[in-house]
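Visitor: One structure coming up, written as structure tokens, with questions to follow.
Residue numbers (this note's numbering), protein chains in the order written: chain A, 2 to 117; chain B, 835 to 948.
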């Protein structure tokens, strides 16, 4: 069965360190997204990609970067982790047929990141 | 500026009764709306959606109603079951499938009481 996985599921790091969160999907979806979930804010878009070599900034992109070298993976990198980046991070993917109903996104299980 | 709003952070409903979750939006360009359900320590899962050309969509116990003039949608769950206890997120998309970007609300925690 097709799926979307994230690793690690839990991560504790220190302020200033570089951290990379992995996202891997076997849906063969062109579109991939990274969100963070914080109390009172819901899900906020960090970065997204419509295909290989394509990346775009979302609503809360400062301090984060992504790269898309293949269809299956969209790793999220925190260049220099800050305490404000303590959050739960979700990766998602969707098709891109151009029809409205392909806006449905399928989410991974999440990564809980703590920055001390 | 929150374009998708869920004004009730939490809702408690007795088992077997109807649960009604509400969502308001401000952007008249939104043309596709979705509801996601999220259990603790899991990712959100797609529940039901509705296109702006419709005013109602039904799937088993779940019905979504869309009132475009009021920029309001609601999710009805009937009858409510203990497994429905979760956080529910409303999401909206503009420009059809061209962007595939979703704007999420802040979520409503639904607790079903036995």
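Glycine included, each C-beta is placed from N, C-alpha and C at the ideal position. Since we're looking at a predicted model, the values are computed, not measured.
To the nearest angstrom, how far is it from the Cα of residue 884/B to the Cα of residue 868/B?
Guide: Sequence index remark: in the second chain, residue 884/B carries index 50 (1-based). Sequence index remark: in the second chain, residue 868/B carries index 34 (1-based). The straight-line gap from Cα to Cα measures roughly 6 angstroms.
Visitor: Is residue 55/A near residue 88/A, with beta carbons less than 8 angstroms apart?
Guide: One-based indexing of the first chain puts residue 55/A at position 54. One-based indexing of the first chain puts residue 88/A at position 87. Cβ distance not < 8 angstroms, so residue 55/A and residue 88/A don't count as in contact.
Visitor: Which whole-angstrom value is the C-beta distance of residue 5/A and residue 109/A, which I expect to be below 8 angstroms?
Guide: In the first chain, counting from the first residue as 1, residue 5/A sits at position 4. In the first chain, counting from the first residue as 1, residue 109/A sits at position 108. The pair is a contact, with the Cβ atoms about 4 angstroms apart (cut-off 8 angstroms).
Visitor: Mind checking who residue 43/A pairs with in its DSSP beta bridge?
Guide: Taking the first chain and counting its residues from 1, the one referred to as residue 43/A is at position 42. For residue 43/A, which the question treats as bridged, DSSP gives the partners 39/A.
Visitor: Please find out if some non-hydrogen atom of the ligand ZN comes closer than 7 angstroms to the beta-carbon of residue 835/B.
Guide: Only the bare structure without any ligand can be found here, which leaves the ligand ZN out of the picture.
Visitor: Taking 8 angstroms as the threshold (C-beta atoms), are residue 35/A and residue 3/A in contact?
Guide: Against the first chain, residue 3/A aligns to sequence position 2. Against the first chain, residue 35/A aligns to sequence position 34. Taking 8 angstroms as the Cβ cut-off, residue 3/A and residue 35/A do not qualify as a contacting pair.
Visitor: Which of the residues in the region 9-43 of chain A, read from start to end, lie with their CB under 7 angstroms from any CB of chain B?
Guide: Flagged, chain order: 32, 41, 42 and 43.
Visitor: Quick one: which chain B residues come within Cβ less than 8 angstroms of residue 105/A?
Guide: Locating residue 105/A in the first chain gives position 104, counting from the first residue. The answer, in chain order, is 868, 880 and 883.
Visitor: Closest by CA to residue 93/A, which one among 919/B, 878/B and 874/B?
Guide: Indexing the first chain from 1 puts residue 93/A at position 92. That would be 878/B, whose Cα lies nearest to the Cα of residue 93/A.
Visitor: Would a C-beta distance cut-off of 8 angstroms place residue 83/A and residue 111/A closer than the cut-off?
Guide: The residue given as residue 83/A occupies position 82 in the first chain. The residue given as residue 111/A occupies position 110 in the first chain. The answer is no: Cβ separation not under 8 angstroms.
Visitor: Using a cut-off of 8 angstroms between C-beta atoms, extract the partners of residue 109/A located in chain B.
Guide: Taking the first residue of the first chain as 1, we reach residue 109/A at position 108. Result: 877.
Visitor: DSSP three-state label for residue 19/A, please.
Guide: For the purposes of this step, residue 19/A is taken as residue 18 along the first chain, with counting starting at 1. The answer is coil: DSSP assigns residue 19/A none of H, G, I, E or B.
Visitor: In chain B, which residues lie less than 9 angstroms from residue 46/A when you measure between Cβ atoms?
Guide: In the first chain, counting from the first residue as 1, residue 46/A sits at position 45. Correct list: 935, 936, 937 and 938.
Visitor: Just checking, does the region 912-921 of chain B make contact with the region 842-854 of chain B on the three C-beta pairs under 8 angstroms criterion?
Guide: Result yes; three or more Cβ-Cβ pairs closer than 8 angstroms.
Visitor: Where do the ends of the beta strand (DSSP E) carrying residue 944/B lie?
Guide: Your numbering for residue 944/B matches position 110 in the second chain. It spans 942-947 - the beta strand (DSSP E) in which residue 944/B sits, taken as one unbroken run.
Visitor: Check the Cβ of residue 923/B against every Cβ in chain A and list those closer than 7 angstroms, keeping chain order.
Guide: By 1-based counting over the second chain, the position of residue 923/B is 89. Neighbours of residue 923/B on chain A, chain order: 43 and 44.
Visitor: Which same chain residues, not among the five before or five after residue 855/B, have their C-beta less than 6 angstroms away from its C-beta?
Guide: Residue 855/B sits at position 21 when you count from the first residue of the second chain. Once the five neighbours on either side are set aside, the close Cβ partners of residue 855/B are 909, 922 and 942.
Visitor: Taking the beta carbon of residue 940/B as the centre, do at least 16 other beta carbons fall within 10 Å, making it buried, or is it exposed?
Guide: In the second chain, the residue the question calls residue 940/B occupies position 106. Result: buried.
Visitor: Please report how far the alpha carbon of residue 931/B lies from the alpha carbon of residue 113/A, in whole angstroms.
Guide: Within the second chain, residue 931/B is the residue found at index 97, counting from 1. Within the first chain, residue 113/A is the residue found at index 112, counting from 1. Per-residue confidence for residue 931/B stands at a pLDDT of 49, beneath the threshold of 50, marking its modelled position as unreliable; the derived number appears in the next sentence. Each residue's alpha carbon lies about 30 angstroms from the other.
Visitor: Identify whether residue 52/A lies in helix, strand or coil by the three-state DSSP scheme.
Guide: Within the first chain, the letter at position 51 stands for residue 52/A. Of the three classes helix, strand and coil, the one that applies to residue 52/A here is strand, per DSSP.
Visitor: Against chain A, with Cβ distances strictly below 8 angstroms, would residue 894/B count as a contact?
Guide: Along the second chain, one-based indexing puts residue 894/B at 60. By this cut-off, residue 894/B is not an interface position.
Visitor: Measuring only between beta-carbons, confirm whether residue 65/A sits less than 8 angstroms from chain C.
Guide: The chain labelled as chain C is not found among the protein chains of the depicted structure, namely A and B.
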